[in-house]
Amino acid sequence: MMPVDQEDSRDFGDLKVMAKEVENLDSYKDLISHGVRLKVLEPIGVKTTYRVGGKCILMVEPHSEEDLFLVDEFLRESELQPFVLGAGSNTLVSDNGFKGVVISLGAPFSYVDFSEPELIKSGGATPLPVLARKSSAAGWTGLEWAVGVPGTCGGAISTNAGGHGATTLDTLIEANIFDFEEHSSSRFMADELRLGYRSSALTNSQVITQVIHRVSIGDPRESANLISEIVKWRRANQPGGQNAGSVFVNPLGDSAGRLIEECNLKGFRLGGAQVSTKHANFIQADPRGSANDVFSLIEFVKERVLIKFGIELQPELRLLGFRGN
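Counting in our numbering, the sequence shown runs without a single skipped number right up to 305 at its last residue.
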């Protein structure tokens, strides 16, 4: 099978031209004058857990809601597409980069607040393992599962992340969302977000700034033991290295990993990418591999499963900068 979206020097040339145009915009100058952290032509592939892929026109790191409104003004003037990047644990960036703006919430959006009984507030950029460990140590139970998910509290809502019999929806009460299409910041109750199996109503133009979970009183020692068991299970059953977790959503009543393994693809290699020998629903990138290798292997696996079982696997990954995505 021919590789998809091959590297083209013209694509990076376009990025450089567009970046020069961006620097002349008044709203860009406003970002600079207000001290908003940003980088032009920033490599973003290395900020994902695959550690492959190209650059974006602009990467912005908002540290406040005021910063988000300034970014909103810039997006309106530039007409560039936004993409919210959390921990980068479920994203594959094209080798050709992304002709848009990557928004990555800064440190002030990473916190855990226990000020209200049975409610835990966390910033959208808070790592899930941090939320799990801090909440259990404080005597609350219900979020231990999050220790095994290498994402953020905001990202967990967008995919209704979960594990070990629990999901984000189980404890989610509400979330604060900044919407770059509506140009506003609003609170949404959990049912308004329509969370389903690895899905939600959120779009790429929305960034989650705060999350509120309802938890129960627990025993810190029991929670610590459960967290330890989850960590051990993950190390035993999931591969390390450069990967982004599960590549495909499990079909109803079945397992994507089982289907892939039945196609004899466990360990199958295409260029610098390989189906994991430990878990078939994981694809690993070599240290010197490419996003094109990973994407081509994803397409190859989808094709083989479709031919053998008549089932079209749906990616759990977010694909950034690829044609048709």
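By construction, the Cβ of each residue, glycine as well, lies at the ideal position given by its N, Cα and C atoms.
Margin query: For Leu173, which residues in the same chain have their Cβ closer than 6 Å to its Cβ, ignoring the five residues on either side in sequence?
Written below: Ser180, Ala181
Notebook entry, point to check: Could you give the distance in angstroms between the alpha-carbon of Ile291 and the alpha-carbon of Tyr177?
Noted result: 18 Å
Margin query: Which residues does DSSP list as the beta-bridge partners of Pro156?
Written below: Correcting the residue identity first, residue 156 is Asn in this sequence and not Pro. Partner(s): Arg167, Gln190.
Notebook entry, point to check: Exposed or buried, what is Thr28 when buried is set at 16 or more other beta-carbons lying within 10 Å of its beta-carbon?
Noted result: buried
Note to self: Am I right that Asn70 and Gly131 are in contact with their C-beta atoms under 8 Å? What's the rounded C-beta distance?
What the structure shows: 7 Å
Note to self: Which residues does DSSP list as the beta-bridge partners of Trp327?
What the structure shows: This structure cannot settle anything about residue 327, because the visible part of the chain is limited to -19 through 305.
Margin query: For a test of the three-state rule: what should DSSP assign to Gly36, helix, strand or coil?
Written below: Looking at the sequence provided, one finds Cys at residue 36 rather than Gly. In this structure, Cys36 counts as strand in the three-state DSSP scheme.
Item checked: Endpoints, alpha helix (DSSP H) assigned at Lys282 -> 271 to 289
Notebook entry, point to check: Quick one: complete alpha helix (DSSP H) runs, 4+ long, within the region 18 to 71?
Noted result: 45 to 58
Check: According to the neighbour-count rule (16 or more other Cβ atoms, all chains shown, within 10 Å of its Cβ), is Ile188 buried or exposed?
Finding: buried
Note to self: When you measure from the CB of Thr71 to every non-hydrogen atom of the ligand FMN, does any distance come out below 8 Å?
What the structure shows: Absence of the ligand FMN from the depicted structure is noted, as is the absence of any ligand whatsoever, leaving it without description.
Item checked: Start and end residues, beta strand (DSSP E) containing Gly119 -> Taken as a continuous stretch (DSSP letters only), Gly119 belongs to no beta strand (DSSP E), as it is neither H nor E.
Notebook entry, point to check: Any idea what DSSP makes of Thr298, helix, strand or coil?
Noted result: Checking the sequence shown, residue 298 turns out to be Arg, not Thr. If DSSP states are grouped into helix, strand and coil, Arg298 belongs with the strands.
Next item on the list: My understanding is that Ser270 touches Pro219, with C-beta atoms under 8 Å, so please give their C-beta distance in whole angstroms.
Entry: That belief does not hold up - the Cβ atoms of Ser270 and Pro219 are roughly 19 Å apart, past 8 Å.
Margin query: Quick check on Val199: does DSSP put it in helix, strand or coil?
Written below: One point to set straight first is that residue 199 is Asp, not Val, in the sequence displayed. Residue state, collapsed to three classes: coil.
Margin query: Check this for me: beta carbons of Asp273 and Val32, under 9 Å apart or not?
Written below: yes
Margin query: For Ala155 and Pro107, which I take to be in contact (beta-carbon distance under 8 Å), what is that distance rounded to the nearest angstrom?
Written below: In fact, because the Cβ distance is near 17 Å, the residues do not count as touching under 8 Å.
Checklist line | Ile263, buried or exposed, once every other Cβ within 10 Å from all chains shown has been counted against 16 | finding: buried
Note to self: For the region 162 to 173 against the region 8 to 27, do three or more pairs of beta-carbon atoms, one drawn from each stretch, fall closer than 8 Å, so that the two count as touching?
What the structure shows: no
Checklist line | Cutoff 6 Å; reference Gln254; Cβ partners in own chain excluding five residues on either side | finding: Gln264
Notebook entry, point to check: Would you say Val195 and Glu53 are within 9 Å of each other, going by their C-beta atoms?
Noted result: no
Next item on the list: Measure the CB-CB distance between Ala112 and Ala87 and report whether it falls below 9 Å.
Entry: no
Next item on the list: State buried or exposed for Met169, treating a residue as buried only when at least 16 other CB atoms are found within 10 Å of its CB.
Entry: exposed
Notebook entry, point to check: What does a CB cutoff of less than 8 Å around Ile197 pick up in its chain, not counting 5 residues either side in sequence?
Noted result: Glu98, Gly119, Trp120, Thr121
Margin query: Once DSSP output is grouped into helix, strand and coil, what is the label at Arg174?
Written below: coil
Checklist line | Reference Asn184; option with closest CA among Phe63, Lys(-4), Gly252 | finding: Phe63
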